[in-house]
Amino acid sequence: MEFTESYKQTGPCCFSPNSRFIAVAVDYRLVIRDTLSFKVVQLFSCLDKISYIEWAVDSEYILCGLYKRPMIQAWSLTQPEWTCKIDEGPAGISYARWSPDSRHILTTSDFQLRLTVWSLVNTACVHVQWPKHGSKGVSFTQDGKFAAICTRRDCKDYVNLLSCHSWEIMGVFAVDTLDLADIEWSPDDSAIVIWDSPLEYKVLIYSPDGRCLFKYQAYESGLGVKSVSWSPCGQFLAVGSYDQMLRVLNHLTWKTFAEFTHLSTVRGPCCAALFKEVDEPLQLDMSELCLSDDFIQNKNEGHFGVRYEVMELPVTLPFQKPPADKPNPKQGIGLMSWSNDSQYICTRNDSMPTILWIWDIRHLEIAAILVQKYPIRAVAWDPTCARLVLCTGSSHLYMWTPSGAYCVNIPLPQFTITDLKWNSDGSCLLLKDKESFCCAAVPVLPESSEYSSDE
C-alpha cells in the first residue's frame with residue numbers, strides 16, 4: 001500500500017461519487033482536491049465553520065451545512081462563480097441532504113417543524129409539515145423517482161410518498177408504530193422497512209401503496225431493535241437487537257432464516273478463524289549503525305508494530321456489562337455492514353466493543369472473529385470485492401479477506417485513524433485523524449482472494 005502525506009482538516013472529508021475529487025472542510029473553507037494528484041482544484045469560502053458536507057449524486061454540486069448560523073451553502077465545481085445560500089430564518093436548519101436528481105436540496109428545520117424541498121433550477125420550494133426526524137426518516141428509491149418521508153401528527157406516525165419529479169404527495173398512509181425510528185426502501189424498490197424505537201420491538205414491511213406485508217417481533221419484553229440494514233442484493237434484511245443477536249429475514253416470506261448470537265465464550269467445533277491483535281516489537285540490528293542517543297531513546301520508549309495471531313479454542317472474549325441504572329446501555333448490535341456481494345455481514349456487539357464478528361450468509365456460519373486491542377471505531381467494505389477494513393483509533397489499519405487478516409502500519413508520525421472511507425471504485429482509502437487526513441492507494445485484490453501479509 002502507498003500513502004500520501006497528511007493534509008489538514010477540521011471537519012468532514014469525503015470522496016465525490018465519481019471518485020475524481022475529495023472535499024475537505026478546513027474551518028470555513030471548503031477545499032476540493034484531485035484524487036490522483038492531490039492538487040487543490042477549487043477553494044470555496046463559507047460564512048462560518050463547516051459542520052457537514054455532502055456531494056450531489058452527479059458530483060457537480062456540493063453542499064455545506066453551517067449549523068452554527070444555521071445556514072446551507074451550495075457550490076458548483078463546473079461553475080465556480082455560481083453560489084447558493086439557504087437560510088430558514090428563525091425556523092433554523094438541523095439537517096440538509098441532496099435529492100437523487102442533484103438539483104434539489106431537502107432541509108429539515110429545528111424542532112422538526114417542516115421539511116423544505118429547495119429547487120436549484122427555478123428557486124421554487126415545497127414544504128412537508130411535521131417531519132418525524134431531522135437526519136433520519138427520509139429514504140429515496142434506487143431509481144430516484146420517489147421519496148418516502150416520515151411525519152408525525154396527532155400522536156401518530158405517517159409515511160408520505162412524494163414524486164421526486166414534481167414533489168407532489170402521491171400518497172399518505174399511517175404506520176403501526178409507537179415511536180417510529182427510521183425508514184428505508186428495499187434495493188429493488190418493492191418494499192419499505194420501518195422499525196420502532198428501542199422501547200417497542202417492531203419491524204414492519206410495507207408495500208409502496210401502504211399495505212403492511214409483514215410485522216416482525218422477535219420478543220416483547222426488553223429493549224428492541226438497535227440497527228436494521230438491507231443487503232445490497234435486496235434478498236436479505238438484517239436486524240440487530242439489544243439482546244445481542246443478529247437476525248436475518250428473507251424477502252420472499254419475510255421469515256427469519258438465520259439467528260446469530262454474540263457469545264463471550266467461543267468453543268469448538270468452530271470453522272471460523274479467530275484473529276487477535278498482538279504487539280510485535282521492532283527488531284532492528286543497530287550494531288553497525290551510528291545513531292544519536294535521542295533515536296535510541298525513542299525506540300526504547302515503545303515503538304512497536306502489531307500483527308494478528310490465530311488463537312486456539314476455546315476463547316473467552318472481553319465483555320463489558322453495561323450499568324443497569326444508566327440510559328442507552330452499550331449493549332446490542334450497534335454496528336453492522338454488508339459486503340458488496342451480500343455474502344458477508346460484519347457486526348459489533350456494543351458490550352464487546354473490541355470484537356468484530358464476520359458472518360457468512362451463504363453458509364450460515366461465523367467466518368471470522370477479529371479481537372482488537374482498542375474499541376472498533378469504523379468499518380468499511382471494499383465496494384468491488386469481499387475485503388473489509390477497520391480502524392480502532394490507533395496508528396494501524398486492519399484488513400480482512402476470506403483468505404486471512406493482516407495489519408498495516410501507517411508511515412506517518414503521530415497519525416491515528418479515527419474514521420475511514422472507500423472511494424466508489426475501491427482503489428483508494430481516505431483515512432482521518434483528529435486534525436488531518438491522508439489517502440492510501442489499495443492494491444487490487446486477486447480473484448483468488450489470496451493476499452500476503454507482507455503487502
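Going by UniProt numbering, the letters in the sequence shown line up with residues 1 to 455, in that order.
Using N, Cα and C, we set each Cβ at its ideal position, and we do this for glycine too.
Since this is a predicted model, take the numbers as computed values, not measurements.
Is residue i close to chain B? Criterion is C-beta to C-beta, closer than 9 Å.
i	result
P269	Structure shown: chain B not included; a single protein chain is present.
Which of helix, strand or coil does DSSP assign to residue i?
i	result
K299	In this prediction, K299 has a pLDDT of 44, which is less than 50 and means its spatial position is unreliable; nothing more can be read from the coordinates.
A56	coil
Q112	helix
F319	coil
E435	coil
H251	coil
W338	strand
S186	coil
Q42	strand
Y344	strand
P446	coil
S229	strand
Y308	strand
N18	coil
E365	strand
R97	strand
E455	Note on E455: pLDDT 43, under 50, position unreliable in the model; no value is reported.
I50	coil
T256	strand
M71	strand
Y219	coil
Would you list the residues sitting across from residue i in a DSSP beta bridge?
i	result
residue 475	One cannot answer for residue 475 here, as it falls past the ends of the chain, which runs 1 to 455.
E88	BP columns for E88 are empty, so no partner.
T261	M245
C212	Y206
Y374	Its beta-bridge partners do not exist; DSSP assigns none.
S119	H104
P327	Looking at the DSSP assignment, P327 forms no beta bridge with any residue, so it has no partner.
W381	L388
C13	V24
W82	The partner list for W82 (beta bridge, DSSP) is empty, contrary to what the question assumes.
D279	V306
E2	A441
D196	L180
D34	F21
L274	I369
L356	L370
L237	W230 and L249
Given a cut-off of 9 Å, decide if residue j and residue i are closer than it, judged by their beta-carbon atoms.
i	j	result
L66	A91	no
S197	A181	yes
V172	V193	no
I358	Q372	no
residue 491	M336	Residue numbering for the chain in the displayed model covers 1 to 455; residue 491 lies beyond these limits and cannot be assessed.
W98	Y61	yes
F275	A380	no
S231	W400	no
V442	G426	yes
Q244	D189	no
W75	S16	no
K136	T177	no
I361	V248	yes
L120	H104	yes
C438	F3	yes
residue 497	H396	Residue 497 lies beyond the range of the chain shown here (1 to 455); nothing can be said about it.
G268	P322	no
C64	L36	no
D58	P70	no
V278	Y242	no
P317	L263	According to the sequence displayed, residue 317 carries Leu and not Pro. Yes, these two residues count as a Cβ contact at 9 Å.
A272	I369	yes
residue 505	T83	Given a span of 1 to 455 for the chain in the structure shown, any question on residue 505 remains unanswerable.
F214	W254	yes
S19	C428	yes
Using a Cβ-based criterion (distance less than 8 Å to any ligand heavy atom), does residue i qualify as near the ligand ATP?
i	result
L213	Of ligands this structure carries none, so the ligand ATP is not represented either.
The segment 161-176 / the segment 139-151 touching (three or more Cβ pairs under 8 Å): Yes, the segment 161-176 touches the segment 139-151.
Sequence ranges, beta strand (DSSP E) only - wholly within the segment 125-182, length at least 3: Here the runs fully enclosed are 125-129, 138-140, 146-153, 156-163 and 169-174.
Taking only runs of the beta strand (DSSP E) that begin and end inside the segment 388-437, which ones reach a length of at least 3 residues, in chain order? Correct list: 388-391, 396-401, 404-409, 419-422 and 428-432.
Can we say the segment 121-139 touches the segment 70-80, given the rule of at least three CB pairs closer than 8 Å? In short, these stretches do not touch, since the Cβ pair count stays below three.
Could you check whether the segment 319-326 touches the segment 222-234, counting it as contact only if at least three pairs of C-beta atoms, one from each stretch, sit closer than 8 Å? Taking 8 Å as the limit for Cβ pairs, the verdict is that the segment 222-234 does not touch the segment 319-326.
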